[in-house]
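Asks:
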Amino acid sequence: MLNFELIPKIGTDTIRLGMELKAVEAILKKQLGLEDLEYDKKRNLLCAFENSIQITFNAAGEAEFIEFYADEGLSIRYQQIDLFDTPADQVFQLLLQNDELAGDEFEPVFLHKIIALSDSDEAYDYKQNHQRKIWFTIGIGNEDYLASIKEFL
Numbered sequence: 733m734l735n736f737e738l739i740p741k742i743g744t745d746t747i748r749l750g751m752e753l754k755a756v757e758a759i760l761k762k763q764l765g766l767e768d769l770e771y772d773k774k775r776n777l778l779c780a781f782e783n784s785i786q787i788t789f790n791a792a793g794e795a796e797f798i799e800f801y802a803d804e805g806l807s808i809r810y811q812q813i814d815l816f817d818t819p820a821d822q823v824f825q826l827l828l829q830n831d832e833l834a835g836d837e838f839e840p841v842f843l844h845k846i847i848a849l850s851d852s853d854e855a856y857d858y859k860q861n862h863q864r865k866i867w868f869t870i871g872i873g874n875e876d877y878l879a880s881i882k883e884f885l
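Under the working numbering, the first residue of the sequence shown carries the number 733, and numbering increases by one thereafter.
1) For TRP867, which residues in the same chain have their Cβ closer than 8 Å to its Cβ, ignoring the five residues on either side in sequence?
2) If you check the beta carbons only, do THR744 and ILE798 fall under 8 Å apart?
3) Can you tell me whether GLU796 is buried or exposed, with buried defined as 16 or more other CB within 10 angstroms of its CB?
4) In this structure, how does DSSP classify GLN786 when only helix, strand and coil are distinguished?
5) Determine the contact status of MET733 and SER807, defining contact as a CB-CB distance below 8 Å.
6) Which of helix, strand or coil does DSSP assign to ALA879?
7) In the structure shown, what three-state DSSP assignment does ILE890 receive?
8) Throw me the rounded Cβ distance for the LEU885 and ALA834 pair, which I believe falls under 8 Å.
9) Output the boundary residues of the beta strand (DSSP E) element that contains PHE797.
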């Protein structure tokens, strides 16, 4: 099981927003033991863990958005709560605390934490046999990422 703790405006406990591509690759390979890294130069996108981890880099080569896709082998925590093992409505309420919301109920963005969610459904509940609605993606970004999506919110 790969474990990540989301830290608003920082990234995660292991991958930080603003890190350069080589540093992120080193963490994924050496610290986390992942070998299936793929980098798409056109999209400035690094994918790992069978594409369940996707990191977008800006033109300067610094990580600006880290996105996780629901996977039974991932634990994405916020305040020590596994967001991929918690019903979507509870995750929504947890993230809404002391924050401002943009987007809609299908793709909410929490503006102060710069955390984005998308598409909750029972199909993504890999940890309890598809019984609960779980978010399909959970992402965390920096101010540049937020500025780049503002027009779409």
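Ideal Cβ placement from N, Cα and C applies to all residues, glycine included.
Replies: Result, derived from the coordinates:
1) Taking the sequence shown and counting its residues from 1, one reaches residue 867 at position 135. Within the same chain, TRP867 has close Cβ partners ALA802, LEU815, PHE816, ALA820, VAL823, LEU849, SER850, ASP851, SER852 and TYR856.
2) For the purposes of this step, residue 744 is taken as residue 12 along the sequence shown, with counting starting at 1. For the purposes of this step, residue 798 is taken as residue 66 along the sequence shown, with counting starting at 1. Yes; because the gap between Cβ atoms is below 8 Å, this pair is in contact.
3) Taking the sequence shown and counting its residues from 1, the one referred to as residue 796 is at position 64. Buried, because 16 or more other Cβ atoms sit within 10 Å of the Cβ of GLU796.
4) Position 54 of the sequence shown, counted from the start, is the residue given in the question as residue 786. DSSP places GLN786 in strand when its eight states are reduced to three.
5) Translated into the one-based positions of the sequence shown, residue 733 becomes position 1. Translated into the one-based positions of the sequence shown, residue 807 becomes position 75. In contact: MET733 and SER807 (Cβ atoms closer than 8 Å).
6) Counting from one through the sequence shown, the residue named residue 879 turns up at place 147. Correct three-state label for ALA879: helix.
7) Residue coverage of the chain in this structure runs from 733 to 885, which leaves residue 890 outside it and unanswerable.
8) In the sequence shown, the residue the question calls residue 885 occupies position 153. In the sequence shown, the residue the question calls residue 834 occupies position 102. Yes, they are in contact, since the Cβ atoms of LEU885 and ALA834 sit about 4 Å apart, within 8 Å.
9) In the sequence shown, residue 797 corresponds to position 65, counting from 1. Taken as a continuous stretch (DSSP letters only), the beta strand (DSSP E) holding PHE797 covers 795-801.
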